[in-house]
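Asker:
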Amino acid sequence: MRKKYVRIAVMACAACVVMSSCGGAKQVAQTSNASDKVKAMQEEAALIKAQQELEDAKAASDRASKQREADAVVADANAKAQAARLAAATEQPCQLYDDDEWFTASGIRRVKVNSLNTAPTALLRTTQQQLRLKLKGTYKAVVRDYMDQMDADEGSYTVSHIESAGDFIIDQKVNETREACRKNTEPDAQGFVTLYMSIKVGKKAILDDVVSTLSKDKQMETRFNEKQFRESAFKVFEKSQKEEQQKFVEGQGQPAAGNS
């Protein structure tokens, strides 16, 4: 009988040990699962934070870019407004300035009253020459920029061909110009009057004619890139215009003005 009780006690102890072991394993498993969940949550939070920081940085970059664009527009408008104010205070009659559409030149000459019939023709010729030199200088800058973009040899046939085509169109357009404005003062005590004149030629008209000429040239078919040429022209035209505005604002001279 006693042996029977001993066996029962041993079996009870073994059951307790088994139950205790199972409970410990379950607790360990639960702890491990909780740790994995915490780790996953931490990784997810870190990912969300990184994505948010990336979005914030992109938004800040976009805001800065838009602000720079807005500042550039305001600065350009202020420069034009300042040039206009200075021009209003100091400009001579018939004075014109380059803008987005036109190249201009202005001339002035003091002549005897009795020569007013012939003086305007002479002043027109000298003002045309002034505009011609200005345009050819600007056009050479266009060709240089175009060749740089195309990575071509400036001593090549292409350069001389493009330059000659432009020179021909410029001469033609300038020779066709007529007075955009002409005024003269009342005779002074010595019988002289001051004659003022301005002329202008369209930027687009020159560019379109040059492109048309080069596009029709069989020898230029594989060398001429119209899109790049127009981009170079617009860039140089805009730079030239801004430089003239700035030069005038700084009091170093008046754009496209000269004495004849």
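Our numbering applies: residue 2 is where the sequence shown begins, and numbers increase by one.
Yeah, the Cβ is synthetic: ideal placement off N, Cα and C, and Gly gets one too.
#1: Count the other CB atoms, across all protein chains shown, that sit within 10 Å of the CB of Glu245; report buried if there are 16 or more and exposed otherwise.
#2: If you draw a straight line from the C-alpha of Arg111 to the C-alpha of Arg183, how long is it?
#3: Is the segment 199-209 close to the segment 113-124, with three or more CB pairs under 8 Å?
#4: Classify Ala90 as helix, strand or coil using the three-state DSSP reduction.
#5: Please report the distance separating the alpha-carbon of Val250 from that of Leu48.
#6: Could you tell me which of Glu232, Leu208, Ser216, Leu124 sits nearest to Gln150, measuring between CA atoms?
#7: Is there contact between the segment 202-210 and the segment 98-108, where contact requires at least three CB pairs shorter than 8 Å?
#8: Touch check for the segment 124-141 and the segment 184-193: three-plus C-beta pairs under 8 Å?
#9: Count the other CB atoms within 10 Å of the CB of Phe262; is the residue buried (16 or more) or exposed (fewer)?
#10: According to DSSP, is Tyr98 helix, strand or coil?
#11: Quick check on the DSSP output: the beta strand (DSSP E) that includes Asn118 runs from which residue to which?
#12: The alpha helix (DSSP H) spanning Asn176 covers which residue range?
#13: Please classify Gly108: does DSSP put it in a helix, a strand, or coil?
Answerer: According to the structure data:
#1: Sequence index remark: in the sequence shown, residue 245 carries index 244 (1-based). Glu245 is buried by the Cβ-count criterion.
#2: Position 110 of the sequence shown, counted from the start, is the residue given in the question as residue 111. Position 182 of the sequence shown, counted from the start, is the residue given in the question as residue 183. Those two C-alpha atoms are separated by around 13 Å.
#3: Not touching, per the Cβ criterion.
#4: To locate residue 90, count along the sequence shown from 1; it is residue 89. Because Ala90 carries a pLDDT of 47, less than 50, the predicted location of this residue cannot be relied on, and the following value inherits that uncertainty. Note: Ala90 maps to helix in three-state DSSP.
#5: Counting from one through the sequence shown, the residue named residue 250 turns up at place 249. Counting from one through the sequence shown, the residue named residue 48 turns up at place 47. If I take the Cα positions, the gap works out to 54 Å.
#6: In the sequence shown, residue 150 corresponds to position 149, counting from 1. Ranking the options by Cα distance to Gln150, first place goes to Glu232.
#7: The segment 202-210 makes contact with the segment 98-108; the number of CB pairs closer than 8 Å reaches 3 or more.
#8: Flag = no, the segment 124-141 and the segment 184-193 do not touch.
#9: Since the first residue of the chain shown is 2 and the last is 261, residue 262 is not available in this structure.
#10: What you label residue 98 is simply residue 97 of the sequence shown in a count that begins at 1. In the displayed model, Tyr98 falls within coil according to three-state DSSP, outside both helix and strand.
#11: Here residue 118 is taken as the residue at index 117 of the sequence shown, counted from 1. Looking at the DSSP string, Asn118 is not in any beta strand (DSSP E), and its letter there is neither H nor E.
#12: One-based indexing of the sequence shown puts residue 176 at position 175. Its alpha helix (DSSP H) spans residues 158-177.
#13: Counting from one through the sequence shown, the residue named residue 108 turns up at place 107. Under the three-state reduction of DSSP output, Gly108 falls in the strand class.
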